[in-house]
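Visitor: Be aware that the sequence shown starts at 0, since it is given in numbering that gives the first Met the number 0, and climbs by one per residue.
Below are the structure tokens for one structure; questions will follow.
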Amino acid sequence: MKVKALARPQSTTSRSSLHDLRPTHKNLNPQSHPQARAREYTRAVTAAKLDRMFASPFVGDLKGGHVDAVSSLAICRTNLCPVVTGAVDGTVRIWDLQNRRMVASLDGAHSRNVSGIVFGNGIDGQFYSCGEEGIIKAWSIYPKGQYITADVDDEDKKPRARKGNPKSSQDDDAESPHGPLNVYRLPSARNSSFANAFHSIDHHWSESQFATASSDAAVHLWDPERSTPITSFNNLWGSDDTVTTVRYNPAERDLIAHCSSDRGIGLHDTRTASALQKTIMGMKSNCLEWNPMEPYMFVVGNEDYNAYTFDMRKLSRPTTIFKGHVGAVMSVGWSPTGTEFVTGSYDKTIRIFSTRKEGGTASHGGYGSNGTARDIYHTKRMQRIFCVGYTLDHKYILSGSDDTNIRMWKARSSEKIGQLSAREESSLQYRQALVQKYAHLPEVKRIHKARRVPKFIKKETEQAMVQKEKRR
Numbered sequence: 000m001k002v003k004a005l006a007r008p009q010s011t012t013s014r015s016s017l018h019d020l021r022p023t024h025k026n027l028n029p030q031s032h033p034q035a036r037a038r039e040y041t042r043a044v045t046a047a048k049l050d051r052m053f054a055s056p057f058v059g060d061l062k063g064g065h066v067d068a069v070s071s072l073a074i075c076r077t078n079l080c081p082v083v084t085g086a087v088d089g090t091v092r093i094w095d096l097q098n099r100r101m102v103a104s105l106d107g108a109h110s111r112n113v114s115g116i117v118f119g120n121g122i123d124g125q126f127y128s129c130g131e132e133g134i135i136k137a138w139s140i141y142p143k144g145q146y147i148t149a150d151v152d153d154e155d156k157k158p159r160a161r162k163g164n165p166k167s168s169q170d171d172d173a174e175s176p177h178g179p180l181n182v183y184r185l186p187s188a189r190n191s192s193f194a195n196a197f198h199s200i201d202h203h204w205s206e207s208q209f210a211t212a213s214s215d216a217a218v219h220l221w222d223p224e225r226s227t228p229i230t231s232f233n234n235l236w237g238s239d240d241t242v243t244t245v246r247y248n249p250a251e252r253d254l255i256a257h258c259s260s261d262r263g264i265g266l267h268d269t270r271t272a273s274a275l276q277k278t279i280m281g282m283k284s285n286c287l288e289w290n291p292m293e294p295y296m297f298v299v300g301n302e303d304y305n306a307y308t309f310d311m312r313k314l315s316r317p318t319t320i321f322k323g324h325v326g327a328v329m330s331v332g333w334s335p336t337g338t339e340f341v342t343g344s345y346d347k348t349i350r351i352f353s354t355r356k357e358g359g360t361a362s363h364g365g366y367g368s369n370g371t372a373r374d375i376y377h378t379k380r381m382q383r384i385f386c387v388g389y390t391l392d393h394k395y396i397l398s399g400s401d402d403t404n405i406r407m408w409k410a411r412s413s414e415k416i417g418q419l420s421a422r423e424e425s426s427l428q429y430r431q432a433l434v435q436k437y438a439h440l441p442e443v444k445r446i447h448k449a450r451r452v453p454k455f456i457k458k459e460t461e462q463a464m465v466q467k468e469k470r471r
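Given below as structure tokens:
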């Protein structure tokens, strides 16, 4: 008599090492698992609670900070570590983001407020700063013009440092190993230093060229090799109002967007002497940034406490209005993924807005958010925020405020700092999927959306809601 015995391979019943999980066998028949949806809902509530329990967004501050209010911030486009900040007292400081320490302090870099800082698009570590005294200066994050190239030495397998050839400085007010490498002024400001104050600066994404916005109602294009502008666009749209912000488009190499004090937002083609489009807002816009992944979209922060996303193909109306602040939006910054942006406000808070609907895909060109913040960051000591930005790895947010500190925050408040194991990553993804699946249910929604805000912001929000109801 022949007897058939069950035989299973050893790999399905035993572990390959002591660090592996023991294999388990599951019966996928729904009849064998009653109340599965109820158990899954309970897990979703637990996952939402765990997310809020582990929420600790504040990482720390850059040691030392500034002596005066931080007015501008620039994050390197090609390197994770270098960060440069400028203060109201004219000081520029270079930071090492990895160790959160100051590399150099360029005291007296400007005689007035540092209104803008931007990195170049090369690997030489050069950056530009502009001040309200009407002067632009070029600097290097590496002392004596040295910078790290991509060449690798065969012997020690380390990058080799090469010496650059910085130009002789035209201004000896702030001599340091980091520069200035060059000084730029407007021809009309040679005799009157404060006549043409610079309010914003931005570098081209692919060419050796940068643009400035000044109080003489003009946008100036500069070549680093020349001390005077190569092109000036004066009296934009026939207006003499000050241009407050200028930004190059990441994809269209000849397209510039700017904000002006006449409440206008305009587009300009640098190849022609004529402007393209313009829209007038209800109040003045303080900041503007292009989406790095969808370069036809940009966001502006306005004095009416809101942020607006626009499609450059149709400036007649904003794509989405992002609400929540109770003070003017002073600065905005896109994440490298282009799916969310951060805002810094006069109400002493940082808010993170997602341009996607919860659940992945979004409508209308990818912009389907309901216009509310996904998260809000604040501390007791943090004052009015003038500059914010994402790091290139999409993990951290930097903010500069009126209390002289530069703070570092986690982009995801409950995210673990450091490398995740395979089990941790799998568990995290499962919990996120559960919260996303049951986010519409009252209990999960209440826990997931709960945020503690300062008392004065709560009162201002309630007052704004009452005013809105009365206007109806």
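No residue lacks a Cβ here, since even glycine has one placed at the ideal position from N, Cα and C.
Taking just the CA atoms, how far does S16 sit from L5?
Guide: Between L5 and S16, the C-alpha separation is close to 25 angstroms.
Visitor: Spell out a yes or no on whether the stretch 64-75 and the stretch 104-121 are touching, meaning 3 or more CB-CB pairs, one atom from each, closer than 8 angstroms.
Guide: Output reads yes: the stretch 104-121 touches the stretch 64-75.
Visitor: Where does the unbroken alpha helix (DSSP H) through L433 begin, and where does it stop?
Guide: Start and end: A421 to K436.
Visitor: Let me check understanding here. Comparing Cα to Cα, which of P81, A46, P249 and Y429 lies closest to L96?
Guide: Of the candidates P81, A46, P249 and Y429, the one whose C-alpha sits nearest the C-alpha of L96 is P81.
Visitor: Out of P142, A212 and A137, which has the shortest C-alpha to C-alpha gap to Y183?
Guide: With distances taken between Cα atoms, Y183 lies closest to A137.
Visitor: Smallest Cα separation from V87: which of N233, H65 and K458?
Guide: The candidate whose alpha carbon is nearest that of V87 is H65.
Visitor: Rounded to whole angstroms, how far is the Cβ of A46 from the Cβ of R430, which I believe are closer than 8 angstroms?
Guide: Going by Cβ atoms, the distance from A46 to R430 rounds to 4 angstroms, so yes, they are a contact pair.
Visitor: Identify whether R473 lies in helix, strand or coil by the three-state DSSP scheme.
Guide: Here the chain comprises residues numbered 0 to 471, so residue 473 is not present and cannot be evaluated.
Visitor: Count Cβ pairs between the stretch 273-284 and the stretch 212-222 that sit closer than 8 angstroms; are there 3 or more?
Guide: No: fewer than three Cβ pairs fall under 8 angstroms.
Visitor: Distance, Cα to Cα, E459 vs V325?
Guide: Cα to Cα, E459 sits roughly 6 angstroms from V325.
Visitor: In the DSSP assignment, find the unbroken alpha helix (DSSP H) run with A54 in it and report its ends.
Guide: Looking at the DSSP string, A54 is not in any alpha helix (DSSP H), and its letter there is neither H nor E.
Visitor: Kindly indicate the opening and closing residues of the alpha helix (DSSP H) around T354.
Guide: It is not in any alpha helix (DSSP H) - T354 carries neither H nor E in the DSSP assignment.
Visitor: Pick helix, strand or coil for P33, following the three-state DSSP scheme.
Guide: Three-state result, P33: coil.
Visitor: Let me make sure I understand the geometry here. Which of D268, A463, T244 and S259 has the alpha-carbon closest to that of R252?
Guide: Of D268, A463, T244 and S259, the residue nearest in Cα terms is D268.
Visitor: Following the continuous beta strand (DSSP E) through K409, name the residue where it begins and the one where it ends.
Guide: Per DSSP, K409 belongs to the beta strand (DSSP E) from I405 to K409.
Visitor: Tell me where the beta strand (DSSP E) around T472 begins and ends.
Guide: This structure gives no information on residue 472, because the portion of the chain shown stretches from 0 to 471.
Visitor: Leaving out the 5 sequence neighbours to the left and right, which residues in its chain are closer than 6 angstroms to I140 when beta-carbon positions are compared?
Guide: Answer for I140: P81, I93 and G124, listed in chain order.
Visitor: Could you give the DSSP three-state label for I122: helix, strand or coil?
Guide: In the structure shown, I122 sits in coil (DSSP, three-state: anything other than H, G, I, E or B).
Visitor: So, F57 versus W408, is the Cβ gap smaller than 8 angstroms?
Guide: Their beta carbons are under 8 angstroms apart, which means F57 touches W408 by this criterion.
Visitor: Helix, strand or coil for I416, going by three-state DSSP, please let me know.
Guide: I416 falls in the coil class under three-state DSSP.
Visitor: Taking Cβ to Cβ, would you say T84 is nearer than 8 angstroms to G388?
Guide: No, the pair does not count as a contact, with Cβ atoms beyond the cut-off.
Visitor: Do you know how far the Cα of P291 is from the Cα of W333?
Guide: Cα-Cα distance, rounded: 7 angstroms.
Visitor: Could you give the distance in angstroms between the alpha-carbon of S330 and the alpha-carbon of S353?
Guide: Answer to the nearest angstrom: the Cα atoms are 16 angstroms apart.
Visitor: How about I200 and Y247: do their beta carbons lie closer than 8 angstroms?
Guide: Result no, Cβ atoms of I200 and Y247 do not sit closer than 8 angstroms.
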